[in-house]
Amino acid sequence: MGSKNTQIKAQQEVKAEQAEQTSGYHPLLDPVFQRWMSDTYICSEFLEAVTGRKIENLQIHTQYEIFQPNIDLRKIRLDVRATEESFQIFNIEAQIKHNSDHYDRTLYYACMQISSQLEKSDPFSKLKKTTVIFINENNTDSDSFIETAELLRSNDSSVFSDKLKIIYINLNNISRSDDNASDKLKFFALFCLLGHHENELNVVCQERNLDFSELRNNLVMKLKEIRGDTTMQDQIAIYNDFHKNREEVLPMDLIDRIKAEGKEEGRDEGKVLAFHEVGMSLAEIARRVGITLAEVNNILAAS
């Protein structure tokens, strides 16, 4: 009997140790990524790792929306938008699953961020430099760890304009990283892959001589803080529900009716009620309309 109790106690201790060493959700889950990347210290360190220069006076926004003048055209919602005073705009996106159109999406995001900058009477010289940084866990279209795209002249490859830059960080190719990537950037890449498994992260960092203890402690503590925040549960549920149903295609007549009802109502209520009528989950409604789960419930309760 004593031996059995000892075995059970040992198993419980192992489970407790594993739970303690698991820092929380995967770092690239949308709501989690937006939370830790919105920390000024962490975001600045990441951008310094990418650009190789000092980053100061950041203004950071998550879920930043840019609308088209024509409401029938596609808007965008950025994971993280960081503006460095009046100098430069950074858009940082994270992607776990591979999408075949991701390069087109990145280009669309970049163009909209440039085209939305100027007021009616502003000169074009007021355009800020815009850098889109795409952290991709599984980019099967590339064999490189870092990809960089700029506007170059075709005749001599000189820079046509420095106002736009696109940087891909392909985490699945981290083993191919070379001296062009800073050690700090390699560390961030490992955190994006292993941050929710603290022991594994520590071991791999030691093996690669990546000693960023202060930064690592800040990141791991941020993930543990997110794990302990009960308000994150609804956001994670919405995210998981979206990926579970990501192949769902709505009939065109329903899409048209939802657009019409949304315009007629002049607010989100029409869309919420129409989606609910066809049996869509509340989490998916919240994602499609762009509001919180609590707001969906309030609309349905009031209807």
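Counting from 1, position 104 in the sequence shown corresponds to residue 93 in this note's numbering; the numbering is continuous, with no gaps. In this text, a Cβ means the ideal position worked out from N, Cα and C, and glycines have one as well. Predicted model only: the values in this text are computed from it and were never measured.
- Straight-line Cα distance separating residue 194 from residue 113: 45 Å
- Item | Backbone secondary structure at residue 94 - three-state DSSP | helix
- Message: Below 8 Å on the Cβ atoms is my contact criterion, and I expect residue 301 with residue 49 to pass it. Report the Cβ-Cβ distance as a whole number of Å.
- Response: The question about residue 301 has no answer, for the chain in this structure spans -10 to 292.
- Task: Starting from the C-beta of residue 51, find all residues in its chain whose C-beta is less than 7 Å away, skip the five residues before and the five after it, and write them out in chain order.
- Result: 23, 27, 68 and 69
- Alpha carbon to alpha carbon, what distance is there between residue 85 and residue 176? 18 Å
- Can the beta-carbon of residue 76 be found less than 8 Å from the beta-carbon of residue 43? no
- Item | Per-residue DSSP class, three states only, for residue 222 | helix
- beta strand (DSSP E) segment containing residue 77, residue limits: 77 to 84
- Item | Where the alpha helix (DSSP H) containing residue 30 begins and where it ends | 29 to 40
- What residues are listed by DSSP as bridge partners for residue 53? 67
- Could you name the residues that DSSP lists as bridge partners for residue 47? 73
- Leaving out the 5 sequence neighbours to the left and right, which residues in its chain are closer than 7 Å to residue 147 when beta-carbon positions are compared? 141
- Item | Of the listed residues 129, 165, 98 and 178, nearest to residue 201 (C-alpha basis) | 178
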